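Read through the structure below, which is laid out as structure tokens, and then see the notes.
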Amino acid sequence: MNLLWSSTFTAALGKLSPQEQKQVKLTATDLLFDPKGNGLQQHRVEAAPGFWTVRVNQDVRIVLHKQGEQTLLAYVGHHNDAYRWAERRKLVPHERTGAMQFVEVIDSETDFGRERMTCRGYVDLPQGQTLLLEPDLPQRPFAGLGEDQLLDVGVPRDWLGQVRDALSTEVDELFSHLPAEAAEALLDFATGGRLEDHIAQRAEPGADPFAHPDAQRRFRVLDNIEELRAALDQPFEQWAVFLHPVQRALVERAWKGPARISGSAGTGKTIVALHRAAHIARSDPAARVLLTTFSKPLALALERKRDVLTAAEPELRARIVVRPLDQAATELYTRAFSQPNRATEAQVRAAIAEARKTGLGGALGEAFLFEEWTELVDAWGVADAESYATLPRIGRRTRLGPQQRAAAWGVFAYVREWLAQRRLVTWAAIYGALTDWLERGGDLGFSHVVVDEAQDLSVAQVRFLGQLGKGRADALMLAGDVGQRIFHLPFSWAKLGLDVRGRSHCLKVNYRTSHQIRVAADRLLPPAISDMDGIEDGRRGTVSVFDGPEPLVSLADDAAGEQQAVADWLRECLSEGIEPHEIALLVRSEAQLARARAAAKAAWLDPYNAQGVAVMPMHGAKGLEFRAVCVMACDEDILPDPARLAAIGDVAELEAAYETERHLLYVACTRARDRLLVSGLAPGSEFLDDFKP
């Protein structure tokens, strides 16, 4: 006999008290050992064929569905709620797709489109005439869809009429009653998408309906006690169990080369990366996977999620190593050569300044020379004047003639010698040495590498990863969003040996950010963004799976006014049950942190408490998420950052700087799940003109 469980069970479990959850876990564990439930008090739900309840305590009941040799953990709740839930559902395979679904019974609570505005008004006109006014009635967005169209996307037959009759004011409520695949398709259609893009896979005759990709969004077979305990211990972490069919296909695909998973903020790229790492380790007992990202905080977050995902599989967890990429490179460099003595940015700038004082560099400024060194010479490992003279200056918009290049190389040769005398190495040099070492047969120590937040990889890092990808076809997967690139100028991955063309997929379902916040944030970016290899990531067709309040923009006359507005907003968030640690106040740079902390204190929140409201620069929030976010200090003279623009060595580079500043605001806004406030001093950042509808 098989024991399965449903996402509806997980969601309901998370709403119970900790003591009730503990009792449910004990009862569910008993069911795993004996799915027939011998010794447990079970009762058939007479009004719901196939459904049974199991007594947990005097009030709490687990709802089971039994069919043949299968027992499904379907729901859990207090007595009346549990029975009402079961009586309003049936478990059946969809007639067209074959996917197992919970189908709600239609009653007065789910009778859509029946209420109509019937009030009329009259207006007296000259010469005794009267005009009858009919009220503006809501539209029926799905009225024109045919039976086959609706069945093809997973709408249950019982609900065809309800879908067609639903008013535009009722669609959000309608979606909450439909299977996820049907709701997702209709939501996309209602917001301008194509229903044809969501036609569900049809199962083969006799196939297990629980094995259908859409069924696996919500049902899972439990194989052992460790898996059950891990799932019950993490009722809120449904991502660890239930995947969208598109995500699952990307995770399990046998890739024939390096693959890239893209998509706007909140579309589940990190989840795909985590599951990919686990899938590789499960499929190959000899595999060792490096799961990496660009910063230590993000690596810690990945490590926590890895532990959730592999809670029932400690041996698997041991073979998935999580490191920031720079730390992994440092450890490898130390093993291959010695402990690196890394050059700092300040030291490089000092070397350039010394070179200029000796008369090198001609009329070229120090800021320009530093950018040229960082983005081109050091990044691409240029070692001599001849190579620099012919180097394509990708991403650099200022043209340099032969004499200017010769003058610049005099400075760069000086810097190279300056660093060598002090035995200093840059990050680019570290990665360059490792790339050469791997090419000569060096052993990385990992069979596979999965990279999260890959859009901000440097030139040297991409070349290093490209060398790793040559070992085996499926060795490398990268997840990232070009629209969130905030650290480097764009460049071609393919020219560095990391070619993902033909193996790049853009996710379109947003799980983290409400529809309202996503739509507003997307206005900051173009509808489609192409990388330097011609791969286009389109924002069109992306749908959010939930709604929320409209994001707010508040511009005050002075800092005190902004502080008060933000404090009021914080108190409102708290009154709605949002915990302090679920809130973030983000600013452009450390210079504005005092403004954010003052607002937190005005709302009686401690900005220095690690468990309290998060206060940080926008860069530090990259990859994180919060229920509520306030992006503060979006002033005209703060965003875009004038200091960054002033440091640009050439006017021609301003376009790239503006682009990354805009990306930075997008990153900050999309850290919010439910509530977003953007504040500043009037007239506000020029970017807010695009943010507003």
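Heads up: the sequence shown at position 184 corresponds to 184 in full-length UniProt numbering, and the numbers run straight through without jumps.
Every residue, glycine too, gets a C-beta built ideally from N, C-alpha and C.
Computed from a predicted structure; not experimentally measured.
**Prompt:** Residue range of the beta strand (DSSP E) that Trp5 falls in?
**Reply:** Here residue 5 refers to the residue found at position 5 of the sequence shown. Element bounds for Trp5: Asn2 to Ser6.
Could you tell me if Ser338 is buried or exposed, where buried requires 16 or more neighbouring beta carbons within 10 angstroms of its beta carbon? As a working mapping, residue 338 is identified with position 338 in the sequence shown. Classification for Ser338: exposed.
Problem - Cβ neighbours of Glu375 in the same chain (closer than 6 Å, five flanking residues each side left out) - result: As a first step, residue 375 is located in the sequence shown; it is residue number 375 there, counting from the start. The residues are Leu489.
Exercise. Report buried or exposed for residue 696, applying the criterion of at least 16 other Cβ atoms within 10 angstroms of its Cβ.
Key: In the structure displayed, the chain extends from 1 to 693; residue 696 sits before or after that span and is not available.
| Is the Cβ-Cβ distance between Val272 and Val251 less than 8 Å? | Position 272 of the sequence shown holds residue 272. Position 251 of the sequence shown holds residue 251. Going by C-beta atoms, Val272 is nearer than 8 Å to Val251.
**Asked** Going along the chain, which residues of its own chain have a beta-carbon closer than 7 Å to the beta-carbon of Ala628, five neighbours each way excluded?
**Response** Here residue 628 refers to the residue found at position 628 of the sequence shown. Excluding positions up to five away in sequence, the list reads Cys573, Ile578, Glu582, Ile583, Ala672, Asp674 and Arg675.
Coil, strand or helix - Gly275 by DSSP: Translated into positions along the sequence shown, residue 275 becomes position 275. According to the sequence provided, residue 275 is His. The question's Gly does not apply to it. For His275, the secondary structure class from DSSP, reduced to helix, strand or coil, is helix.
Using the Cα positions of Gly266 and Pro205, report the straight-line distance between them to the nearest angstrom. Within the sequence shown, the letter at position 266 stands for residue 266. Within the sequence shown, the letter at position 205 stands for residue 205. When rounded, the distance between both Cα atoms is 36 Å.
_Beta-carbon proximity of Pro551 to Ala520, cut-off 8 Å_ = On the sequence shown, position 551 is the one that residue 551 refers to. On the sequence shown, position 520 is the one that residue 520 refers to. Taking C-beta atoms as the reference points, Pro551 and Ala520 count as a pair closer than 8 Å.
Rounded straight-line distance, which links the Cα of Gln563 to that of Arg571
As a first step, residue 571 must be located in the sequence shown, where it is residue number 571. As a first step, residue 563 must be located in the sequence shown, where it is residue number 563. Gln563 has its alpha-carbon roughly 12 Å from the corresponding atom of Arg571.
Comparing alpha-carbon positions, which option in Leu302, Leu438 and Val678 lies nearest Ala336? The count along the sequence shown starts at 1 and reaches residue 336 at position 336. Cα-wise, what sits closest to Ala336 is Leu438.
* Below 8 Å, can you find three or more Cβ-Cβ pairs linking the region 346 to 363 to the region 410 to 419? -> Yes, the region 346 to 363 touches the region 410 to 419.
**Three-pair Cβ contact test at 8 Å for the region 456 to 467 versus the region 297 to 310** = The answer is no - the region 297 to 310 does not touch the region 456 to 467, with fewer than three Cβ pairs under 8 Å.
Inter-residue Cα distance where the pair is Phe189 and Thr292:
Numbered from 1 along the sequence shown, position 189 holds the residue referred to as residue 189. Numbered from 1 along the sequence shown, position 292 holds the residue referred to as residue 292. Each residue's Cα considered, the two are about 37 Å apart.
Worksheet item: Leaving out five residues before and five after Ile486 in sequence, what residues of the same chain have Cβ atoms less than 6 Å from its Cβ?
Response: To locate residue 486, count along the sequence shown from 1; it is residue 486. Only residues of its own chain outside the window of five on either side were considered, and among them Thr660, His663 and Leu664 have a CB closer than 6 Å to the CB of Ile486, listed in chain order.
- Message: Quick check on Val377: does DSSP put it in helix, strand or coil?
- Response: Taking the sequence shown and counting its residues from 1, one reaches residue 377 at position 377. DSSP, reduced to helix, strand and coil, places Val377 within a helical segment of the structure shown.
*asked:* Looking at the strands, I want to know which residues DSSP matches up with Lys90.
replied: In the sequence shown, the residue the question calls residue 90 occupies position 90. The bridge partners DSSP lists for Lys90 are Val103.
For Val545, which three-state DSSP category applies?
Indexing the sequence shown from 1 puts residue 545 at position 545. Under the three-state reduction of DSSP output, Val545 falls in the coil class, being neither helix nor strand.
Item to complete: Quick one: using the 10 Å Cβ neighbour count with 16 as the cut-off for buried, is residue 734 buried or exposed?
Response: No answer is possible for residue 734: the residues shown for the chain start at 1 and end at 693.
To the nearest angstrom, how far is it from the Cα of Leu688 to the Cα of Val667?
Taking the first residue of the sequence shown as 1, we reach residue 688 at position 688. Taking the first residue of the sequence shown as 1, we reach residue 667 at position 667. Taking the straight line joining both Cα atoms gives about 14 Å.
Neighbour-count burial assignment, Asp635, 16 or more Cβ in a 10 Å radius = Taking the first residue of the sequence shown as position 1, residue 635 is located at position 635. Only buried fits Asp635, as 16 or more other CB atoms lie within 10 angstroms of its CB.
Look up Asn510 in the DSSP assignment and say whether it is helix, strand or coil. In the sequence shown, counting from the first residue as 1, residue 510 sits at position 510. Correct three-state label for Asn510: strand.
Please report the straight-line C-alpha distance between Ala633 and Ala643, rounded to a whole angstrom. The residue given as residue 633 occupies position 633 in the sequence shown. The residue given as residue 643 occupies position 643 in the sequence shown. Answer to the nearest angstrom: the Cα atoms are 15 Å apart.
**Prompt:** In the DSSP assignment, what residue or residues form a beta bridge with residue 697?
**Reply:** Because the chain spans 1 through 693 in this model, residue 697 falls outside it and cannot be assessed.
Buried versus exposed call for Glu181 [16 or more other C-beta atoms within 10 Å across all chains shown]: In the sequence shown, residue 181 corresponds to position 181, counting from 1. Counting Cβ neighbours within 10 Å, Glu181 comes out buried, since at least 16 surround it.
Bridge partners - Tyr75, DSSP secondary structure assignment: On the sequence shown, position 75 is the one that residue 75 refers to. Under DSSP, Tyr75 forms a beta bridge with Val63.
In angstroms with no decimal places, state the Cα-to-Cα distance between Val482 and Gln611. Residue mapping note: residue 482 aligns to position 482 of the sequence shown, counting from 1. Residue mapping note: residue 611 aligns to position 611 of the sequence shown, counting from 1. So the alpha carbons of these two residues sit roughly 32 Å apart.
Fill in: Alpha-carbon to alpha-carbon, Lys269 and Arg512
As a working note, residue 512 is residue 512 in the sequence shown. As a working note, residue 269 is residue 269 in the sequence shown. Cα to Cα, the separation comes out at about 11 Å.
Q) What residue from Ala207, Ala594, Gln23 and Ala166 has the CA that sits closest to Arg96's CA? A) If you number the sequence shown from 1, residue 96 lands on position 96. Among Ala207, Ala594, Gln23 and Ala166, the Cα nearest to that of Arg96 belongs to Ala207.
Please classify Phe487: does DSSP put it in a helix, a strand, or coil? For the purposes of this step, residue 487 is identified with residue 487 of the sequence shown, where counting begins at 1. For Phe487, the secondary structure class from DSSP, reduced to helix, strand or coil, is coil.
With a cut-off of 8 Å, do at least 3 Cβ pairs link the region 276 to 284 to the region 307 to 325?
Contact holds: three or more Cβ-Cβ distances are below 8 Å.
Discussion item. Helix, strand or coil, according to DSSP, for Gln516 in the structure here?
Written reply: For this step, residue 516 is matched to residue 516 along the sequence shown. Of the three classes helix, strand and coil, the one that applies to Gln516 here is helix, per DSSP.
* Asked: Considering only C-alpha positions, which residue in the set Ser168, Leu150 and Thr169 is nearest to residue 757?
  -> Because the chain here runs from 1 to 693, residue 757 falls outside it and cannot be looked at.
Next item on the list: Would you tell me roughly how many angstroms separate the C-alpha atoms of Thr118 and Asp158, rounded to the nearest one?
Entry: As a working note, residue 118 is residue 118 in the sequence shown. As a working note, residue 158 is residue 158 in the sequence shown. With a pLDDT of 38 at Thr118, under the threshold of 50, the modelled position of this residue cannot be trusted, and the question is left open.
Next item on the list: Spatial neighbours of Ala494 within its chain, please: CB distance less than 6 Å, with the 5 preceding and 5 following residues excluded, ordered by chain position.
Entry: Sequence index remark: in the sequence shown, residue 494 carries index 494 (1-based). Counting only residues of its own chain and dropping the five nearest sequence neighbours on each side, Ala494 has a CB closer than 6 Å to the CB of Asp533.
Expressed to the nearest angstrom, what Euclidean distance is found between the alpha-carbon atoms of Ser554 and Leu64?
Position 554 of the sequence shown, counted from the first residue, corresponds to residue 554. Position 64 of the sequence shown, counted from the first residue, corresponds to residue 64. When only Cα atoms are considered, Ser554 and Leu64 end up about 50 Å apart.
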